[in-house]
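Reminder that position 8 of the sequence shown reads as 30 in our numbering, one-by-one numbering, no gaps.
Shown next, in structure tokens, is the structure this report addresses.
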Amino acid sequence: LDGKTDTAVGNVLGSNIANIALILGITALIKPLSISSGVIRRELPLMIGVTLLAGALLWDNHLGFYEGVLLFVLFAAFLFAMLQISR
């Protein structure tokens with residue numbers, strides 16, 4: 023996909039969305055899912071914020087090194103926070 027960044031980014035995003043939807047859908051068919059309102063209140067704004075941030079960073083059709091580092095650091099901070107909350 024050298025030189026075809028639009029295709030690569032679209033492939034990654036589409037694949038992630040499809041995987042999440044399929045796994046959640048199949049799981050919900052087998053056993054109903056219950057999600058606490060605390061999880062929704064905590065993670066939904068974060069998901070919306072990250073989506074908007076990614077859209078802003080990709081607005082010029084280029085994701086530079088420092089932008090990638092920023093996204094990685096935010097992801098690591100999110101994982102650390104989720105580990106702390108789960109304890």
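From the three backbone atoms N, C-alpha and C, an ideal C-beta is built for every residue, glycine too.
Which residues in the same chain as residue 100 place their Cβ atom closer than 6 Å to its Cβ, once the five residues preceding and following it in sequence are excluded? No residues qualify anywhere along the chain.
message = What does the alpha-carbon distance come out to for the pair residue 102 and residue 60?
response = Approximately 18 Å between the Cα atoms of the pair.
Q) Taking the C-alpha atoms as reference points, what is the distance between residue 29 and residue 58? A) When rounded, the distance between both Cα atoms is 36 Å.
Alpha carbon to alpha carbon, how far is residue 45 from residue 51? Give it in angstroms, no decimals. Distance from the CA of residue 51 to the CA of residue 45, rounded to the nearest whole angstrom, comes to 10 Å.
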